Amino acid sequence: MKLRGGWLRKSEKACRLQCNPGTLVVGRIKKNIILPKIPFMQLLEVTDNKTRSLFHKVPHLIYKDDPHWACPLEMMVENVFDPAKNASFKNGEAIRWVLTGEEGRLLGRIGAFVNHDKARVYEQPTGGCGFFECVNDREAAAQLFGAAEAWLKNRGMEAMDGPVNFGENYMNWGLLVDGFMPQGFGMPYNPPYYLRLFEEYGFKTYFKQFSYHLDITLPELPERFWKVAEWVAKKPQFNFRHFSWKESAKFVEDFATVYDDAWRFHEHFKPMDRDDLHDFLSSSKLMIEEKFIWFAYHEETPIAVFVMIPDINQILRRLNGKLHLWNFMKLMWYKKTRVMTRTRGIIIGISPKYQRSGIESAIFWHLRPVMYTMPWYKEMELSWAGDFNPKIVALYESVGGKHMKTHLTMRCLFDRTKPFTRAPLIGQKPEEIKKQNIQE
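Quick note on our numbering: the sequence shown kicks off at 15 and runs consecutively.
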């Protein structure tokens, strides 16, 4: 489908023109606003090897001269869109497109998805868009966002969050707006101008995500912290175990138990899908260190979990997104030669009953000697903590974390006249939520 624009005036609704199979042109232009000439653009649905290849080429153009970007493994991105590899497809759908210009020049890409188990727990049914990459062009971004919006509308959605993942939120989630430096594995990186493209289309901040860095080489935390940690760790009613592949099925169940208890007071909570955990483990075998994942128990009942992984982005920068045999050998060599000097703590969950017991400090007490045996690790990233969860923010600061990066989870309401509501604080009362949104 070829689209050549001149001076166009269109309604608030997404304009959707479809011709040849696999080709979709979508535009979104505010009512009564005349926009400048739109160049030739073609939106291609990713359906075959050729379009999949184009999808993966887009970020290489965007980040060609950016030393901070680490190219994700293409196979991991493909797994997100593979029903056989992603448990979100059990009651969900996904699609993705590539946008091209004159003579096939790549302009951008985007994915759209809806998990019907989670979409309708919000005030309005909400889908998601992600894996967004785009040249610095408002009209190109509007084509991409418009395609996602139109597709989600056809599935009964009234809003979309972005940029987010079709899966759990510790991977590929959020728009970087502060701290344009190398990101920990799984944390998105993007150019600063992306924020403007999102906002111009109609996205607003739903919540903020904070990442903290802990320099392991600096003087240790106060001795009082470690005394308290040791005292808690040695209480007879508590015991602590690190993850083991031999007992992975048990630890999946223990993780889900803690998650469901710790996160049940979060807005729109949904129980953990065990298949998601198994998918994470199976896709992360190359990076998981057994002693980086700790569980706390009270009389054999799981009450807390901490998950940390090596920052494999320090290796991925050298692999260009491919994991063929030669790159796999390079990856194993880089692991052996200790190229990775950073870790990323991706999850900490504590059952509410034990959140003031010091159990988190006891977990760090057990992790401490592990890090002594691996002195090549110099820095730990704790990410991410949502601004809706002040307890976790306080915890990361209490262990010496320094706020270094901020991502945003943004939301676009398809009815722009509807009042926008930010994510409430955990446990916040309805009247407090109403007052907060009035102030904002």
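For each residue, glycine too, the CB sits at the ideal point set by N, CA and C.
Being a predicted model, the structure only gives us computed values, none of them experimental.
Roughly how many angstroms separate the alpha carbons of residue i and residue j, rounded to a whole number?
{"i": "Tyr-207", "j": "Cys-148", "result": "10 angstroms"}
{"i": "Ala-156", "j": "Leu-409", "result": "39 angstroms"}
{"i": "Thr-420", "j": "Gly-122", "result": "24 angstroms"}
{"i": "Asp-131", "j": "Glu-303", "result": "32 angstroms"}
{"i": "Leu-333", "j": "Trp-259", "result": "27 angstroms"}
{"i": "Glu-314", "j": "Asn-253", "result": "8 angstroms"}
{"i": "Ala-276", "j": "Gly-400", "result": "15 angstroms"}
{"i": "Leu-339", "j": "His-312", "result": "45 angstroms"}
{"i": "Lys-249", "j": "Arg-370", "result": "15 angstroms"}
{"i": "Arg-152", "j": "Phe-159", "result": "10 angstroms"}
{"i": "Glu-213", "j": "Glu-244", "result": "48 angstroms"}
{"i": "Ser-262", "j": "Pro-285", "result": "19 angstroms"}
{"i": "Asp-80", "j": "Gly-200", "result": "18 angstroms"}
{"i": "Leu-209", "j": "Val-191", "result": "7 angstroms"}
{"i": "Met-346", "j": "Leu-87", "result": "15 angstroms"}
{"i": "Met-385", "j": "Pro-177", "result": "34 angstroms"}
{"i": "Pro-366", "j": "Leu-57", "result": "48 angstroms"}
{"i": "Ile-52", "j": "Asn-341", "result": "Note on Ile-52: pLDDT 47, under 50, position unreliable in the model; no value is reported."}
{"i": "Lys-44", "j": "Met-418", "result": "Only weak support is given to the placement of Lys-44: the predicted model assigns it a pLDDT of 37, under 50, and the value that follows is read from those uncertain coordinates. When rounded, the distance between both Cα atoms is 36 angstroms."}
{"i": "Gln-251", "j": "Gly-372", "result": "14 angstroms"}
{"i": "Pro-438", "j": "Phe-402", "result": "6 angstroms"}
{"i": "His-74", "j": "Pro-205", "result": "13 angstroms"}
{"i": "Ile-76", "j": "Val-91", "result": "17 angstroms"}
{"i": "Phe-194", "j": "Tyr-203", "result": "8 angstroms"}
{"i": "Ile-326", "j": "Lys-416", "result": "21 angstroms"}
{"i": "Asn-129", "j": "Phe-103", "result": "7 angstroms"}
{"i": "Lys-78", "j": "Arg-278", "result": "43 angstroms"}
{"i": "Arg-169", "j": "Lys-432", "result": "20 angstroms"}
{"i": "Leu-232", "j": "Ser-375", "result": "18 angstroms"}
{"i": "Lys-305", "j": "Lys-350", "result": "17 angstroms"}
{"i": "Pro-383", "j": "Gly-414", "result": "18 angstroms"}
{"i": "Arg-42", "j": "Ser-296", "result": "Model confidence at Arg-42 stands at a pLDDT of 39, short of 50, so the residue's coordinates are unreliable and nothing is read from them."}
{"i": "Lys-344", "j": "Ser-298", "result": "17 angstroms"}
Considering just the uninterrupted stretch of the alpha helix (DSSP H) at residue i, what are its terminal residues?
{"i": "Gln-56", "result": "Element bounds for Gln-56: not the alpha helix (DSSP H) but the beta strand (DSSP E), 56 to 59."}
{"i": "Glu-244", "result": "237 to 247"}
{"i": "Phe-212", "result": "208 to 215"}
{"i": "Pro-383", "result": "373 to 386"}
{"i": "Thr-65", "result": "63 to 76"}
{"i": "Gly-160", "result": "152 to 167"}
{"i": "Leu-339", "result": "339 to 350"}
{"i": "Glu-393", "result": "Run containing Glu-393: none in the alpha helix (DSSP H); it sits in the beta strand (DSSP E), 393 to 400."}
{"i": "Met-89", "result": "88 to 94"}
{"i": "Thr-271", "result": "262 to 276"}
Taking a contact to mean a Cβ-Cβ separation below 8 angstroms, would you say residue i touches residue j in this structure?
{"i": "Gly-456", "j": "Arg-66", "result": "For the chain, the structure presents residues 15 to 454; residue 456 sits outside this window and is missing."}
{"i": "Ala-318", "j": "Ile-361", "result": "no"}
{"i": "Lys-405", "j": "Arg-356", "result": "no"}
{"i": "Met-424", "j": "Tyr-226", "result": "no"}
{"i": "Ala-101", "j": "Asp-274", "result": "no"}
{"i": "Leu-113", "j": "Met-55", "result": "yes"}
{"i": "Trp-308", "j": "Leu-381", "result": "yes"}
{"i": "Cys-143", "j": "Ala-162", "result": "yes"}
{"i": "Gly-125", "j": "Phe-95", "result": "yes"}
{"i": "Gln-328", "j": "Met-354", "result": "yes"}
{"i": "Gly-359", "j": "Met-388", "result": "no"}
{"i": "Phe-224", "j": "Val-407", "result": "yes"}
{"i": "Thr-140", "j": "Met-89", "result": "no"}
{"i": "Arg-110", "j": "Val-60", "result": "yes"}
{"i": "Pro-316", "j": "Val-272", "result": "yes"}
{"i": "Arg-352", "j": "Trp-390", "result": "yes"}
{"i": "His-82", "j": "Gly-335", "result": "no"}
Smallest Cα separation from residue i: which of the options?
{"i": "Ala-310", "options": "Phe-95, Met-388, Phe-320, Asn-63", "result": "Phe-320"}
{"i": "Glu-267", "options": "Asp-287, Gln-251, Trp-277", "result": "Asp-287"}
{"i": "Val-246", "options": "Asp-62, Trp-111, Tyr-368", "result": "Tyr-368"}
{"i": "Gln-197", "options": "Ala-270, His-380, Pro-324", "result": "Pro-324"}
{"i": "Lys-241", "options": "Asn-129, Phe-378, Pro-86, Leu-166", "result": "Phe-378"}
{"i": "Met-322", "options": "Pro-316, Pro-205, His-256, Trp-347", "result": "His-256"}
{"i": "Arg-238", "options": "Thr-387, Ser-412, Ser-262, Leu-422", "result": "Ser-412"}
{"i": "Phe-265", "options": "Leu-291, Ala-243, Pro-389", "result": "Leu-291"}
{"i": "Met-185", "options": "Gly-193, Val-191, Pro-205, Phe-145", "result": "Phe-145"}
{"i": "Glu-116", "options": "Phe-269, Ala-154, Gly-414", "result": "Ala-154"}
{"i": "Glu-107", "options": "Leu-396, Ala-270, Trp-165", "result": "Trp-165"}
Mind reading off the beta-carbon distance from residue i to residue j? Whole number of angstroms is fine, and I expect it under 8 angstroms.
{"i": "Leu-337", "j": "Ala-84", "result": "At roughly 14 angstroms, the Cβ-Cβ gap does not stay under 8 angstroms, so Leu-337 and Ala-84 are not in contact."}
{"i": "Asn-93", "j": "Lys-99", "result": "4 angstroms"}
{"i": "Trp-398", "j": "Gly-181", "result": "With 8 angstroms as the limit, Trp-398 and Gly-181 do not qualify as a contact, their Cβ atoms being about 15 angstroms apart."}
{"i": "Phe-434", "j": "Lys-218", "result": "5 angstroms"}
{"i": "Glu-138", "j": "Leu-422", "result": "Note on identity: in this sequence residue 138 is Gln, with Glu being the wrong assignment. Contact flag wrong, Cβ pair sits at about 19 angstroms."}
Quick check on residue i - is its C-beta less than 8 angstroms from some C-beta in chain D?
{"i": "Glu-303", "result": "In the structure shown, chain D cannot be found, because there is only a single protein chain."}
Starting from residue i, trace the beta strand (DSSP E) both ways and give me its first and last residue.
{"i": "Pro-404", "result": "Run containing Pro-404: none in the beta strand (DSSP E); it sits in the alpha helix (DSSP H), 404 to 412."}
{"i": "Arg-288", "result": "Element bounds for Arg-288: not the beta strand (DSSP E) but the alpha helix (DSSP H), 288 to 297."}
{"i": "Asn-253", "result": "252 to 256"}
{"i": "Leu-113", "result": "106 to 114"}
{"i": "Gln-328", "result": "From DSSP, Gln-328 is part of no beta strand (DSSP E) but of the alpha helix (DSSP H) over 327 to 330."}
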